[in-house]
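Take the sequence shown: its position 67, counting from 1, is numbered 73 in this note's numbering, and each next residue is one higher.
See below for the structure under consideration.
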Amino acid sequence: DFKTLKKRVDEGGLGDVVVTTGTDTNYEAEVPGITELKQGISFLMKPHVVNTTLNTTLNVNGLGAKEFSRPCSDDSTLIAVPIGFFATGNSYRVVYNGLYWVLADFAIPAVSDSIGRLPLGQGGVDWPNYLKALEETIG
């Protein structure tokens, strides 16, 4: 509820935002209170530079570099964080899942979430003409 959340904020219970250091491919962060990487630990991270690779890593308190990932909305698939995803000035909640630093609150739609058809101008496919062209190509 709002009163509980406000109390946690007032008491500093939501944690501070940690600004990274390191390089544009290997972020580093000093996070008070984290002495080992355990599933479920989390904090707010603010990147110091934009990431320039798909395999961007985060090394918290020198405990080992782990790659980032983000979930699809079906909660069963994790994918790499794209190049240029992390913007300086933005904060991201990261949660360690035992393997990756997973971005919380950044799920992308899974194909199973799609309902109906998209118009051609919005990325849809003209299936009748596509199938006809495929048939002509295959022979």
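Backbone N, C-alpha and C fix where the C-beta goes; we use that ideal spot for every residue, glycine too.
#1: Look at the alpha carbon of Y146 and the alpha carbon of F91, and state the distance between them as a whole number of angstroms.
#2: Identify, in the order they occur along the chain, each residue of the same chain with its Cβ nearer than 7 Å to the Cβ of H54, setting aside the five sequence neighbours on each side.
#3: Tell me which same chain residues have a C-beta within less than 6 Å of the C-beta of V66, skipping the five on either side of it?
#4: Could you pull out every unbroken beta strand (DSSP E) segment of at least 3 residues lying fully inside the stretch 84-109, listed in chain order?
#5: When DSSP builds the beta bridges, which residues end up paired with E142?
#6: Under 7 Å Cβ to Cβ from E42, same chain only, skipping five residues before and after it: list those, please.
#7: Among I144, Y98, L84 and K52, which one has its Cα closest to the Cα of L105?
#8: What residue from T29, K52, N57 and V87 has the CA that sits closest to R99's CA?
#9: Measure how close the beta-carbons of P77 and V108 come, nearest whole angstrom, since I'm counting them as under 8 Å.
#10: Tell me the rounded alpha-carbon separation between S97 and A71.
#11: To the nearest angstrom, how far is the alpha carbon of A86 from that of I47?
#12: Contact defined as beta carbons within less than 8 Å: I believe D30 pairs with T58. What is the distance between those atoms, to the nearest angstrom?
According to the data block:
#1: Nothing about residue 146 can be read from this structure; the chain reaches only from 7 to 145.
#2: Along the sequence shown, read from residue 1 onward, the residue named residue 54 stands at position 48. Within its own chain, the residues whose Cβ lies closer than 7 Å to the Cβ of H54, once the five positions on either side in sequence are excluded, are V25, T26, T27 and T94, listed in chain order.
#3: Position 60 of the sequence shown, counting from 1, holds the residue named residue 66. Short of 6 Å from the beta carbon of V66, and not among the five residues preceding or following it, lie these beta carbons of its own chain, in chain order: A35, V37 and I40.
#4: Those beta strand (DSSP E) runs which fall completely within the stretch 84-109 and span 3+ residues are 98-102 and 107-109.
#5: The residue you call residue 142 lines up with position 136 of the sequence shown. E142 pairs with nothing; no bridge assigned.
#6: Along the sequence shown, read from residue 1 onward, the residue named residue 42 stands at position 36. So the list reads L69, once near-sequence residues are dropped.
#7: Start at 1 with the first residue of the sequence shown, and residue 105 comes out as number 99. Nearest neighbour of L105 by Cα position, chosen from I144, Y98, L84 and K52, turns out to be L84.
#8: Taking the first residue of the sequence shown as 1, we reach residue 99 at position 93. Comparing Cα positions, the closest option is K52.
#9: For this step, residue 77 is matched to residue 71 along the sequence shown. For this step, residue 108 is matched to residue 102 along the sequence shown. 6 Å between Cβ atoms; contact.
#10: Here residue 97 corresponds to residue number 91 of the sequence shown, with the count starting at 1. Here residue 71 corresponds to residue number 65 of the sequence shown, with the count starting at 1. If you take the alpha carbons of S97 and A71, they lie about 19 Å apart.
#11: Along the sequence shown, read from residue 1 onward, the residue named residue 86 stands at position 80. Along the sequence shown, read from residue 1 onward, the residue named residue 47 stands at position 41. Separation of A86 and I47 (C-alpha to C-alpha, rounded to the nearest whole angstrom) is 20 Å.
#12: The count along the sequence shown starts at 1 and reaches residue 30 at position 24. The count along the sequence shown starts at 1 and reaches residue 58 at position 52. Contact between D30 and T58 holds: their C-beta atoms lie close to 5 Å from each other, under 8 Å.
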